[in-house]
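Trainee: Sharing a structure, written as structure tokens. Questions coming.
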Amino acid sequence: MTDHLCFESYDLPQVPHRLAEEIGGAARLSIRAGGCAFCHMVQDEVASGRRLIHRDPYGAVIAPFASRSAFETWIIPNNHGSDFGDVDTATLRGFAETLQAAVKALRAIGMPPYNLLLHTAPLRERVDLTYHWHWELHPRLRPIGGLELASGIPVVPIAPEEAAAELRRALT
């Protein structure tokens, strides 16, 4: 693990498997339920409040139901859009406050190192109505174990509802 700030940006020649699965899943849910899967998710999480960490006029910070790492959070803008590159400056400035709240919530667990991942529509992909750009924040609390490396199955020692409650407390 690193103890210093590091920024990496990649322009890949193909859509990574994880992102392709996410986009495909969102499209399938959109066909079944109508509308954007991420917009539905935010509505559901705000209504239940169980995995909601923060909400403001620009976006929501949630602990996803099927977390891949302990204290994983998703930072999803309120305004639907599939491509981060299409977001206007005023919206970005406002959404920066939402993103900042997500990072501040890490105080609850001692401000560990973390990875902040931007998920946006791939170039030349037609996903405007079914996909929603967002950030994912993954605290690096422990090394990845053998089961995770061998199988791709994440081992998460805390339920997302418990993680959300703990992170919420850091913002109050």
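The sequence shown begins at 34 in the numbering used here and counts up one residue at a time. Idealized CB from N, CA, C, for every residue including glycine. The structure presented is a predicted model; accordingly, all values stated were derived computationally and were not measured.
1) Excluding the 5 residues preceding and the 5 following G178 in the sequence, name in chain order all residues of the same chain whose CB lies nearer than 7 Å to its CB.
2) Take every Cβ of the segment 90 to 99, pair it with every Cβ of the segment 130 to 138, and state whether three or more of those distances are shorter than 8 Å.
3) In angstroms, rounded to a whole number, what distance separates the CA positions of A154 and L204?
4) State the start and end residues of the unbroken alpha helix (DSSP H) segment that holds G120.
5) Cα separation between F104 and R83?
6) What is the rounded straight-line gap between the Cα of E169 and the Cα of H152?
7) Use the C-beta contact count for Y43: other C-beta atoms within 10 angstroms, 16 or more gives buried, fewer gives exposed.
8) For H73, does the three-state DSSP call read helix, strand or coil?
9) Provide the residue span of the beta strand (DSSP E) that contains E181, from first to last.
10) Taking the CB atoms as reference points, tell me whether E199 and A141 lie closer together than 7 Å.
11) CA-CA distance, L174 and S184?
12) Pull the bridge partners of G92 from the DSSP assignment, please.
Mentor: So, to answer that:
1) In the sequence shown, residue 178 corresponds to position 145, counting from 1. Contacts found: V188.
2) With a cut-off of 8 Å, the segment 130 to 138 and the segment 90 to 99 count as touching, because enough Cβ pairs lie within range.
3) For this step, residue 154 is matched to residue 121 along the sequence shown. For this step, residue 204 is matched to residue 171 along the sequence shown. Distance between the alpha carbons of A154 and L204 is about 31 Å.
4) The sequence position of residue 120 within the sequence shown is 87, counting from 1. The question names Gly, but residue 120 is Val in the sequence shown. Counted as a single uninterrupted DSSP element, the stretch harbouring V120 is not any alpha helix (DSSP H), since DSSP gives it neither H nor E.
5) Working through the sequence shown from its first residue, we reach residue 104 at position 71. Working through the sequence shown from its first residue, we reach residue 83 at position 50. Between F104 and R83, the C-alpha separation is close to 14 Å.
6) For this step, residue 169 is matched to residue 136 along the sequence shown. For this step, residue 152 is matched to residue 119 along the sequence shown. Straight-line Cα distance between these residues: approximately 8 Å.
7) Translated into the one-based positions of the sequence shown, residue 43 becomes position 10. By the 16-neighbour rule on beta-carbons within 10 angstroms, Y43 is exposed.
8) Stepping through the sequence shown from its first residue, residue 73 is reached at position 40. If DSSP states are grouped into helix, strand and coil, H73 belongs with the helices.
9) In the sequence shown, the residue the question calls residue 181 occupies position 148. Bounds of any beta strand (DSSP E) do not take in E181; it lies within the alpha helix (DSSP H) bounded by 179 to 184.
10) The count along the sequence shown starts at 1 and reaches residue 199 at position 166. The count along the sequence shown starts at 1 and reaches residue 141 at position 108. For E199 and A141, yes; Cβs fall inside 7 Å.
11) For the purposes of this step, residue 174 is taken as residue 141 along the sequence shown, with counting starting at 1. For the purposes of this step, residue 184 is taken as residue 151 along the sequence shown, with counting starting at 1. L174 and S184 have their alpha carbons spaced roughly 20 Å apart.
12) Reading the sequence shown from its first residue, position 59 is the one you call residue 92. BP columns for G92 point to P110.
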